[in-house]
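See below:
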């Protein structure tokens, strides 16, 4: 029949009562499967001689058991056709009885060669798949929804124990695992909702499991959903990744962030209190200084003609000390303000910052016959107050420490690097011995006595603090008598 031709199924039978030349029958399809001529006359052996390897004794035993005991068989056998080709067949055997005697055995032979070769190919593919799963720490799983089989790679044992790997029905998929009780309901609902939605082809979820040691592990489970033409899910393939270490690090980081936020709030409160204290203290400290200066001036004007030169010298010392103390207080206020983070960034034109400095110090520049030159300076988004303080402190330092009787010559240059701007401020001043290069940025560090050069030793400390706040660094090159070059950098994205 046409169905027989399409499925390549043939029939056979053997008359056990009238055994002779015609007692064995093979249909034309059986002969076609065995690649025999239509004229071939099968013998009593029933074609067993075509079976090779372990298929031969197995079919011989099955036929004997059918004849002697009536045990039906259904065997898949490997045979060698008359033309020398290996071929897989499925052979089914049954029997008939009459008067308590077995009179006939019969059955079918089907060509299953293509299916067996396909199965072998799939098997090799599975072997490769299993080799791949051995090379990763992820647990690979494959759920055949149609045939209700569920495969998991051996790595799954790290999460759920030895019982979890291998094939088992979908009905046991949840009961045999150790999903965290608080996550299990959400996992199942998410899983089956994704399967039911024909528009979803990928599923992903993060959840917890409890391993055999009672430890809580964090997993992220990702899967691809395969669907038929009607959109029905037929298969899911996925991978479970252990993210416990990353999760613990995230939790620790969150705890650290909370601690840092708390510390930041405490620090902000402390800074506000310190700033308020500095303001009040400076006001209270300046008041007695003003009284000292006022009374010294009053004493000099009212009783000056009665005082000798020594007394006038004492009045000068007291007045000068009050002035210097006031300057120290004002510089300390500037230093404390340098620790305060500006509120907003803005576009800062360095040319304008320099112009503002020269306007502010025009009298001093004129008195010292100073020359300040620069190339075209850049603009960038940053904190103007901080940049202004850096420029003012370094330029004031260059003006102050000039040689006796020598007009200060100050050059400002800038170099653009890949990620930062590098500025330099060069002067022709008295220079600094290399052994003091690291000390000059320390607050109140002075290298000269107050009679030679004024100043409190705070300016360079403020410059360093502001440069570091902006994300840059500051250093210098200098030799005594050869001037000084201060360098500092400001990142382009600070």
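Numbering (the numbering used here), first residue to last: 6 to 499. In this text, a Cβ means the ideal position worked out from N, Cα and C, and glycines have one as well. None of the values given here were measured: they were computed from a predicted structure.
Give every residue of the same chain whose Cβ lies closer than 7 Å to the Cβ of residue i, excluding the five residues on either side of it in the sequence, and list them in chain order.
| i | result |
| --- | --- |
| residue 30 | 17 and 18 |
| residue 403 | 413, 415, 430, 432 and 434 |
| residue 397 | 362 |
| residue 374 | 412 |
Using DSSP with H/G/I as helix, E/B as strand and the rest coil, what is residue i?
| i | result |
| --- | --- |
| residue 115 | strand |
| residue 82 | strand |
| residue 383 | coil |
| residue 443 | coil |
| residue 458 | Summary for residue 458: the model assigns pLDDT 46, below 50, so the residue's position carries little reliability, and this model does not support an answer. |
| residue 452 | Because residue 452 sits at a pLDDT of 49, beneath the cut-off of 50, its placement in the model cannot be relied upon, and the point is left open. |
| residue 496 | strand |
| residue 243 | strand |
| residue 54 | helix |
| residue 39 | coil |
| residue 479 | strand |
| residue 233 | coil |
| residue 295 | helix |
Report, in whole angstroms, the separation of the C-beta atoms of residue i and residue j, which I expect to be a contact under 8 Å.
| i | j | result |
| --- | --- | --- |
| residue 419 | residue 369 | About 24 Å; that fails the 8 Å criterion. |
| residue 301 | residue 323 | 5 Å |
| residue 210 | residue 195 | 5 Å |
| residue 446 | residue 469 | 4 Å |
| residue 2 | residue 351 | There is simply no residue 2 to check, as the chain begins at 6 and stops at 499 in what is shown. |
From residue i to residue j, what does the alpha carbon distance come to, in whole angstroms?
| i | j | result |
| --- | --- | --- |
| residue 477 | residue 355 | 16 Å |
| residue 207 | residue 230 | 6 Å |
| residue 387 | residue 441 | 31 Å |
| residue 444 | residue 164 | 59 Å |
| residue 294 | residue 304 | 15 Å |
| residue 103 | residue 65 | 24 Å |
| residue 147 | residue 226 | 12 Å |
| residue 313 | residue 463 | 37 Å |
| residue 237 | residue 79 | 34 Å |
| residue 37 | residue 152 | 33 Å |
| residue 272 | residue 223 | 36 Å |
| residue 241 | residue 154 | 11 Å |
| residue 67 | residue 188 | 54 Å |
| residue 467 | residue 372 | 26 Å |
| residue 405 | residue 358 | 19 Å |
Using a Cβ-Cβ cutoff of less than 8 Å, which residues in the same chain neighbour residue i once the five nearest sequence positions on both sides are dropped?
| i | result |
| --- | --- |
| residue 185 | 212, 213, 214, 215 and 221 |
| residue 482 | 489, 490 and 492 |
| residue 233 | 239 |
| residue 425 | 477, 494, 495, 496 and 497 |
| residue 120 | 93 |
Using C-beta distances below 6 Å, list every residue in its chain close to residue i, excluding the 5 sequence neighbours before and after it, in chain order.
| i | result |
| --- | --- |
| residue 95 | 81, 115 and 117 |
| residue 47 | 29 and 31 |
| residue 471 | 343, 391, 394 and 395 |
Sorry if obvious, but does the Cβ on residue i come closer than 6 Å to a heavy atom of the ligand FAD?
| i | result |
| --- | --- |
| residue 319 | With respect to the ligand FAD, the structure shown offers nothing to examine, as it has no ligands at all. |
Between residue i and chain D, is the shortest Cβ-Cβ distance under 7 Å, so that the two count as touching?
| i | result |
| --- | --- |
| residue 96 | Given the protein chain composition of this structure (a single chain), no chain D is represented. |
With a cut-off of 8 Å, do at least 3 Cβ pairs link the segment 483–494 to the segment 427–441?
yes
The segment 47–64 / the segment 76–93 touching (three or more Cβ pairs under 8 Å):
yes
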